[in-house]
Each structure stands twice: as C-alpha cells, then as structure tokens.
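First up is the structure itself, then whatever we jot down about it.
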Amino acid sequence: MKRGKKYLDAVKLIDKSKKYAAGEALDLVKKTSFVKFDATVEAAFRLNVDPRKADQNLRGALVLPHGTGKVSRVVVITQGEKAKEAEAAGADYVGAAELIQKIGQGWFEFDVMVATPDMMGQLGKLGRILGPKGLMPNPKTGTVTLDIAKAVKDIKNGKIEYRTDKVGNIHAPIGRVSFTVEKLSENLHTLYDQLARIKPTTVKGTYMKNITVTSSMGPGIHIDEESLKAKA
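In the numbering used here, each residue's number is its place in the sequence shown (first place is 1) plus 1.
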C-alpha cells in the first residue's frame, strides 16, 4: 500500500519497536495527526479471546468521562408516556410504527437507536437492515430499556459501544485530536478498566496482547499496558 508524504513524515516520529507510556503515546497521536479536520482518536485492543465462544464474545457500552467530541443523533422507538420522556431527554427523533416504516424505506439520519422492550417485536423485521449497520438496539449496550431518559442522556454525554470483531479485536473512539492529553488519557483508562474488568474467566495466558492508539488516517502507536495498570 502506497503511503503519502505526510503519513511517512508522521511515521518518522514514532519508534515502531517501542511500547510507549499512555501519556507519551497520546501526545504522539496529537503530533502525528496531519489531516486538516479534528481527527478522531481511536484505541485498538488485540485480545486473546475467541469470539465464537459465547462467553468470549465481548460486547457492551460505557460513558467516557470526557465524551468522544461527537454528539450523536439519537432516534427512539417507543410510544405513549415513554415518547414524552424521550423528547424531554433530548432525543432527536421519536416515534413508533410510522418511524419503523420510514427506516425500512431507507431513512438513516441518526447514529444510535434506542427502543423500549415492547417495540422490539416490530423492530425485528428490520434486523437485516439494522444489524449490518450496527444499529439494532441491544440490552447489552443499554439501548433496549425502559429508562429512556437515562439512555438518551448517556448517549448524548459520550456513551460508546464496543464489541469484539471476528478475530478478537476491539476498536473504540476515545476522543478527538483537539482534546488535551489528560482528557484522552482519562477516556483511555476508563475503557481499559472496563475491558480488564470483563475479562472472561476461560481466557488462558495473556489477555491483552497489544494496545494501540491512532488518529484518523494516522500511524498506530503501541502502548505499554503497565502504564495503564498504574492508574487502574
């Protein structure tokens, strides 16, 4: 794969054979971001898990202390009093059958979908559309719930979802390049603590094989896990 001059210049700032302390790595992420927009900073965890095993197919959500720098557009599928709660909490779109039909026709002007349990039967028919896009509400991520107000507020305040991919990696945003190193570090530690806490009991040997941070289109920087444990 051919790389551009700006990327190659950024790579020169990184020692590929070194694992950096978290703060130093995040400082380098900011220095090696060469795009003109406020790039997303992402953390990648290579885990020693087998996603084919139910207990090792990790999935969940958490609220980062400083958010992600992006305010998500939230659609809530519900009715009655819960619809009023959703609107009061700041949901961007609220509806029931008519909104489900609109989505089925190809409308996707939202980032996260929340639903009350009573609507999941109707939403099920959109599984083939919502599933591949990662938009189907799920109890594990708190997006199927009766506490609609909390769900909407958490998402608006920087809640992220995480799940293992087919080879056991977890990728998640932890902020923007414009964030301070301190804010990025606190967000990263929050994610690390969560993944460490949910380590499956059936995993043998090293759980976290590799931890990397990067910015949009920027080079990856390896992190020394010990520097994250120090604050855990």
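Here a beta-carbon is modelled for each residue, glycine too, at the ideal position from N, C-alpha and C.
Remember, predicted model here, so these are calculated numbers, not experimental data.
Practice item. From the DSSP output, read off the bridge partner residues of residue 76. Key: The secondary-structure analysis by DSSP pairs residue 76 across a beta bridge with 94 and 114.
Review point. CB-CB under 8 Å to residue 61, same chain, minus the five flanking residues each way: which ones, in chain order?
Key: Once the five neighbours on either side are set aside, the close Cβ partners of residue 61 are 141, 142, 162, 163, 164, 195 and 199.
Review point. Roughly how many angstroms lie between the CA atoms of residue 153 and residue 113, to the nearest whole one?
Key: Between residue 153 and residue 113, the alpha-carbon positions lie close to 9 Å from each other.
Point to revise | Beta carbon of residue 156 nearer than 9 Å to that of residue 214 | key: Against a cut-off of 9 Å, the Cβ pair of residue 214 and residue 156 comes out as no contact.
Check your understanding: Any idea if residue 91 is buried or exposed, counting beta-carbon neighbours within 10 angstroms, 16 or more meaning buried?
Key -> Exposed, by the Cβ-count rule.
Check your understanding: Applying the criterion that 16 or more other CB atoms from any shown protein chain within 10 Å of the CB defines a buried residue, is residue 87 buried or exposed?
Key -> Buried, because 16 or more other Cβ atoms sit within 10 Å of the Cβ of residue 87.
Practice item. Output the distance between the C-alpha atoms of residue 1 and residue 228, rounded to the nearest integer angstrom. Key: Look at the range of the chain in this structure, 2 to 233, and you will see that residue 1 is not part of it.
**Study point:** Straight-line gap, residue 210 to residue 223 (C-alpha atoms, nearest Å)
**Key:** So the two alpha carbons sit approximately 11 Å from each other.
**Study point:** Rounded C-alpha distance that separates residue 51 from residue 58
**Key:** Approximately 7 Å, taken between the alpha carbons.
**Study point:** Cutoff 9 Å: residue 15 Cβ touching any chain B Cβ
**Key:** The structure shown has no chain B; it contains just one protein chain.
Check your understanding: Excluding the five sequence neighbours on either side, which residues of its own chain have a C-beta within less than 7 Å of the C-beta of residue 187, listed in chain order?
Key -> Here the set comprises 66 and 67.
Practice item. Can you tell me which of 27, 12, 4 and 72 puts its alpha carbon nearest to the alpha carbon of residue 225? Key: Looking at the Cα atoms, 27 is the closest of the given residues.
Point to revise | Rounded C-alpha distance that separates residue 216 from residue 107 | key: So the alpha carbons of these two residues sit roughly 31 Å apart.
Practice item. Throw me the rounded Cβ distance for the residue 117 and residue 79 pair, which I believe falls under 8 Å. Key: Indeed, because the Cβ distance is near 4 Å, the residues count as touching under 8 Å.
Practice item. Let me know if residue 105 comes out buried or exposed under the rule of 16 or more other beta-carbons within 10 Å of its beta-carbon. Key: Exposed is the call here.
Practice item. Check residue 61 in the structure and name its three-state DSSP category. Key: Residue 61 falls in the strand class under three-state DSSP.
Check your understanding: Roughly how many whole angstroms lie between the Cα atoms of residue 150 and residue 183?
Key -> So the alpha carbons of these two residues sit roughly 30 Å apart.
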